[in-house]
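Below: one structure, written as structure tokens.
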Amino acid sequence: MKKFFTLLAAFGLSMVSLQAQEQSEMDALNARLTELEQKQEKQNARNEKWGKIVEKLPEIGGFAKMTYNWDDAGTSNFKINYVRVWLNGNISRQFDYKVQFEFAKPKLIDAYVRWKPTTAFNIQFGQFHVPFSLEGPLNPTKWETIESAKVVDEITGLPDTRDLGFAFYGKFLKAKDEHYLFDYSVGIFQGEGKNTDDKNKSKDVIGRLKFFPIEELCLTGSYSYGEAGEEYIRNQRAAAGVEYKGEALSIRSEYLWHQQGNGELAVKNDGCYVVAAYKVKNFAPTLRYNFYNQQTAAGHLEQSDYVVGLNYMPVKYVKLQLNYTLTTFSESTMNNLNTIGFAAIAMF
Numbered sequence: 550m551k552k553f554f555t556l557l558a559a560f561g562l563s564m565v566s567l568q569a570q571e572q573s574e575m576d577a578l579n580a581r582l583t584e585l586e587q588k589q590e591k592q593n594a595r596n597e598k599w600g601k602i603v604e605k606l607p608e609i610g611g612f613a614k615m616t617y618n619w620d621d622a623g624t625s626n627f628k629i630n631y632v633r634v635w636l637n638g639n640i641s642r643q644f645d646y647k648v649q650f651e652f653a654k655p656k657l658i659d660a661y662v663r664w665k666p667t668t669a670f671n672i673q674f675g676q677f678h679v680p681f682s683l684e685g686p687l688n689p690t691k692w693e694t695i696e697s698a699k700v701v702d703e704i705t706g707l708p709d710t711r712d713l714g715f716a717f718y719g720k721f722l723k724a725k726d727e728h729y730l731f732d733y734s735v736g737i738f739q740g741e742g743k744n745t746d747d748k749n750k751s752k753d754v755i756g757r758l759k760f761f762p763i764e765e766l767c768l769t770g771s772y773s774y775g776e777a778g779e780e781y782i783r784n785q786r787a788a789a790g791v792e793y794k795g796e797a798l799s800i801r802s803e804y805l806w807h808q809q810g811n812g813e814l815a816v817k818n819d820g821c822y823v824v825a826a827y828k829v830k831n832f833a834p835t836l837r838y839n840f841y842n843q844q845t846a847a848g849h850l851e852q853s854d855y856v857v858g859l860n861y862m863p864v865k866y867v868k869l870q871l872n873y874t875l876t877t878f879s880e881s882t883m884n885n886l887n888t889i890g891f892a893a894i895a896m897f
């Protein structure tokens with residue numbers, strides 16, 4: 550019996566010792582877990598701090614475009630058209646900004662701040678695209694052909710339809726999801742173009758209204774009124790257009806009109822274009838027709854361009870374009886012009 554109690558006591562002591570050892574190991578494990586949790590909390594705090602810093606850093610983007618043109622009038626020319634870099638970012642939830650610079654011919658392109666309190670009403674201040682025309686504000690990487698229509702160039706001031714001023718813009722009458730029926734923008738600008746001081750006390754008023762009956766279809770009208778130069782020459786522009794953007798087919802067309810001055814000395818420009826592209830995998834065959842008419846006291850000149858093109862995007866950020874253009878003129882003394890153009894665009 551004594552031997553039994555001795556064994557029982559020994560077993561009890563061993564169990565107590567084992568429990569003490571297990572408790573010690575649990576305490577050590579808990580201490581280690583607490584230490585790791587504290588380290589994780591510190592790391593999360595650092596990550597949150599750096600995340601806020603990174604969130605304030607601007608995004609960087611840009612593109613470069615190089616072209617080659619040959620025509621039967623004797624042109625054979627390589628050209629670096631654009632090398633642009635932009636920075637844009639958020640100052641806060643309601644404020645953002647953008648700065649864009651051109652390196653091919655060094656100049657400031659964009660520099661503006663936007664206040665975006667609501668979807669329906671926002672304010673933009675600085676140097677940016679004026680709200681006129683459909684094709685005018687398009688980034689050159691979005692053009693279906695190598696060059697834009699001559700009527701757009703002449704009337705909107707392409708390739709940079711930018712000016713100094715401010716604009717109110719927004720969307721209203723929501724149909725469903727992110728589809729709004731109307732998109733508007735109206736602003737007051739110097740009327741002299743980018744990076745240029747005003748030459749008079751007058752300001753240009755420019756506005757554009759877009760109507761989207763369905764998400765893929767846009768109907769738009771634009772109007773601009775101002776006085777140019779030290780002589781306060783009246784300057785009026787108007788445009789009306791339609792655009793359809795489907796998954797494969799896209800079509801855009803506009804009529805643009807411009808009058809500068811009054812009476813017999815007035816210069817009048819008008820014209821239209823229609824461009825269509827059909828996307829098949831990485832290829833997009835393109836057709837474009839441009840018409841431009843200029844009237845002055847000395848007479849008028851009409852020009853028509855018929856463009857057949859092919860766009861190819863081997864990867865997401867590279868676009869290759871090949872165009873053939875036949876240009877005809879109303880003047881019998883001017884011969885038709887045949888042009889072949891190639892463009893390579895790299896985006897980043």
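Counting from 550, one number per residue, gives the positions in the sequence shown under the working numbering.
No residue lacks a Cβ here, since even glycine has one placed at the ideal position from N, Cα and C.
Between the segment 716-735 and the segment 865-875, the count of Cβ pairs shorter than 8 Å is below three; the stretches do not touch. A contact between stretches requires three or more CB pairs, one per stretch, nearer than 8 Å, and the segment 661-670 fails this requirement with the segment 777-784.
When DSSP states are grouped into helix, strand and coil, D726 belongs to the coil group.
Within the model, the alpha-carbon separation for N639 versus D732 is close to 23 Å. The alpha-carbon separation between P655 and Q739 amounts to approximately 22 Å. Contact annotation: Y873 and A698 have beta-carbon atoms that are not nearer than 8 Å.
About 6 Å separates the beta carbon of Y661 from that of K647, a gap short enough to meet the 8 Å contact definition. According to the DSSP assignment, K647 belongs to the beta strand (DSSP E) that extends over 644-651. In chain order, G719, F721 place their CB closer than 6 Å to the CB of A669, counting only its own chain and leaving out the 5 sequence neighbours on each side.
I629 sits exposed, since fewer than 16 C-beta atoms from the chains shown fall within 10 Å of its C-beta. The segment 881-890 and the segment 615-625 touch, with three or more beta-carbon pairs separated by less than 8 Å. A check of alpha carbon separations from S879 across L871, N860, G848, D576 identifies G848 as the nearest.
By the neighbour-count criterion, in which 16 or more other beta carbons inside 10 Å mark a residue as buried, T624 falls on the exposed side. At a Cβ-Cβ threshold of 8 Å, I695 and A892 count as neighbours.
Going by beta carbons, T769 and L758 fall inside the 8 Å limit. Here the C-alpha atom of G675 lies approximately 9 Å from the C-alpha atom of A716. In its chain, beyond the 5 residues on either side, N818, H849, L850 have a beta carbon closer than 7 Å to the beta carbon of Q843. Counting the other Cβ atoms within 10 Å of the Cβ of D854 gives 16 or more, which makes it buried.
For F677, the closest C-alpha among the options G742, V701, T690 is that of G742. Following the DSSP letters along the chain, one finds E703 inside the alpha helix (DSSP H) bounded by residues 699-705. When the alpha-carbon of F681 is set against those of E803, D747, R642, D645, the nearest one is in E803.
In this structure the segment 808-816 does not lie against the segment 829-842, because fewer than three pairs of beta carbons, one per stretch, are closer than 8 Å. The continuous beta strand (DSSP E) containing W635 extends over residues 625-639. Counting along the chain, the unbroken beta strand (DSSP E) around E608 starts and ends at 608-620. The alpha-carbon of V679 is positioned some 27 Å away from that of K605.
The Cβ atoms of V701 and G685 lie closer than 8 Å to each other.
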